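S.K.: The structure that follows is given in the form of structure tokens.
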Amino acid sequence: MIALGPADPRYPARLLDLRHPPDPLWIDGDLGALGGRAVSIVGTRRMTPYGARVARELATALAEADVVVVSGLAQGIDSAGHEGALAAAGETVAVLGAGIASYLEEVHGKRRRLAHAIRGRGALVSEFPPGAPAQHWTFAQRDSTIAALGEMTVVVEAPVGSGALITTAEARRLRRPVYAVPGPIGAAASAGTNDLIAAGAARALTGAEMLLAALGLRYATRADDPDDDARVLDALAASPSDPDALARRLGLSTTTLAAIVARLVIRGRIGTAADGRLARR
């Protein structure tokens, strides 16, 4: 773990756009992950199956295009984004609302495993000393750092009053593009994102292809297996399927299926229903 100040040439350049850049910034992992192309993905802790699937699909597509995914490390959309990037062997950066050591001491099970996976394929970062505990105000401060580290911010699901909206507000102040994933009318989990779109504060995101185009990139897979793609399409020919059930039926890991799904969604071959099930188009 190292600590970098704004005067250090290794300090992430995009953070210098903040009114008060973190000083120092604590980093545990690969410094290189903080200097490349990056998109911030944020959203509610109480995600729906639809939100989980979209977050993973977007993150997987970004990782396939060698774009770093930046997010917090809360349950919900944050974790889904990291999982999608890791599924494609991509780099991902988690910005913590506590000191790094404090966070790792507090979490257990799946959340700890995810943190260690991120550290191995990217970095854990914090503007708080290693042993500092999380407090209510530290998360709002962290949200600004998330916005600054990304070239643009995507909010997947956010109810009215969600902390993810702090991130989008900071991204707009920094004059960074903001995208929001539209949700069903009346859905509480998408009320904040739909409001952003209606107010003109965010562009409606129609898919990963649109996001990559905004970055000036084309989608390029690292492990495009036509046979696996065909198996998934054949399995969905009769009826929609829950992703976990589909993975079990085909004998695929959930991470492998996530990468296949991201490819097929971008190509317009399959889609995700509001209940999270996958279906052919």
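Following my numbering, the numbering of the sequence shown begins with 2 at its first residue and continues without gaps.
For each residue, glycine too, the CB sits at the ideal point set by N, CA and C.
Note that this is a predicted model, so its numbers are computed, not measured.
May I ask which residues mark the beginning and end of the alpha helix (DSSP H) holding methionine 153?
M.R.: No alpha helix (DSSP H) contains methionine 153, which is instead part of the beta strand (DSSP E) from 153 to 156.
S.K.: Mind pulling the alpha helix (DSSP H) runs of 4 or more residues that sit fully within the region 34 to 107?
M.R.: If only complete runs of 4 or more residues are kept, the region 34 to 107 shows the alpha helix (DSSP H) at 50 to 65, 78 to 88, 101 to 107, in order along the chain.
S.K.: Where does leucine 216 sit, in a helix, a strand or coil, going by DSSP?
M.R.: coil
S.K.: Residues in the same chain with beta-carbon distance under 6 Å from proline 185, minus the five sequence neighbours each way, listed in chain order, please.
M.R.: These residues qualify, in order along the chain: Ala275.
S.K.: Report the residue from Gly272, Arg204, Val43, Leu247 whose alpha carbon sits nearest the alpha carbon of alanine 149.
M.R.: Val43
S.K.: To the nearest angstrom, how far is the alpha carbon of alanine 8 from that of isoleucine 271?
M.R.: 48 Å
S.K.: Write down the C-beta distance between glycine 6 and aspartate 24 rounded to the nearest angstrom, noting that I regard them as a contact closer than 8 Å.
M.R.: 5 Å
S.K.: Does the region 122 to 130 come within contact of the region 91 to 104, defined as at least 3 CB pairs closer than 8 Å?
M.R.: Three or more pairs of CB atoms, one per stretch, sit closer than 8 Å, so the region 122 to 130 contacts the region 91 to 104.
S.K.: Within 10 Å of its beta-carbon, does glutamate 128 have 16 or more other beta-carbons around it, so buried, or fewer, so exposed?
M.R.: Classification of glutamate 128: buried, given that the 10 Å Cβ count is 16 or more.
S.K.: Does the ligand COA have a heavy atom nearer than 7 Å to the CB of alanine 90?
M.R.: Looking for the ligand COA in the displayed structure turns up nothing, as the structure carries no ligands at all.
S.K.: How long is the line joining the alpha carbons of glutamate 210 and proline 241, rounded to whole angstroms?
M.R.: 23 Å
S.K.: Which same chain residues end up closer than 8 Å to glycine 100 when comparing Cβ atoms and leaving out the 5 residues on each side of it in sequence?
M.R.: Trp27, Ser127, Phe129, Pro130, Pro131, Gly132, Ala133, Pro134
S.K.: Using CA atoms only, rank isn't needed, just tell me which of Ser41, Pro183, Asp18, Thr168 is closest to tyrosine 51.
M.R.: Of the listed residues, the one whose Cα sits closest to tyrosine 51 is Pro183.
S.K.: Run through DSSP, which three-state label would aspartate 196 get?
M.R.: helix
S.K.: Enumerate, from N- to C-terminal direction, the unbroken beta strand (DSSP E) stretches of 3 or more residues contained entirely within the region 130 to 178.
M.R.: Note on the region 130 to 178: whole beta strand (DSSP E) runs with a minimum of 3 residues are 153 to 156, in chain order.
S.K.: Exposed or buried, proline 10, counting other C-beta atoms within 10 Å across all chains shown (16 or more means buried)?
M.R.: By the neighbour-count rule (16 or more Cβ atoms within 10 Å), proline 10 is not buried but exposed.
S.K.: Can you tell me whether leucine 32 is buried or exposed? The criterion is at least 16 other CB atoms within 10 Å of its CB, across all chains shown.
M.R.: Note on leucine 32: under 16 other CB atoms within 10 angstroms of its CB, so exposed under the neighbour-count rule.
S.K.: DSSP on valine 283, reduced to helix/strand/coil?
M.R.: Any question about residue 283 goes unanswered here, given that the chain covers just 2 to 282.
S.K.: Excluding the five sequence neighbours on either side, which residues of its own chain have a C-beta within less than 7 Å of the C-beta of leucine 283, listed in chain order?
M.R.: Absent from the structure is residue 283, since the part of the chain shown begins at 2 and ends at 282.
S.K.: Please report the straight-line C-alpha distance between arginine 204 and valine 55, rounded to a whole angstrom.
M.R.: 16 Å
S.K.: Under 8 Å Cβ to Cβ from alanine 215, same chain only, skipping five residues before and after it: list those, please.
M.R.: Met153, Pro178, Tyr180
S.K.: Using a 10 Å radius around the Cβ and a threshold of 16 neighbouring Cβ atoms, would you call histidine 83 buried or exposed?
M.R.: buried
S.K.: Just to confirm my understanding: we take arginine 223, look at its own chain, exclude 5 residues before and 5 after, and list those with CB closer than 8 Å. What are they?
M.R.: Confidence at arginine 223 is low in this model, with a pLDDT of 49, below 50, so its placement is unreliable and the value that follows should be read with caution. Glu65, Ala89, Ala90.
S.K.: From the DSSP output, in three-state form, read off isoleucine 261 for me.
M.R.: Three-state result, isoleucine 261: helix.
S.K.: Less than 8 Å between the beta carbons of glycine 85 and arginine 57, yes or no?
M.R.: Cβ atoms of glycine 85 and arginine 57: closer than 8 Å.
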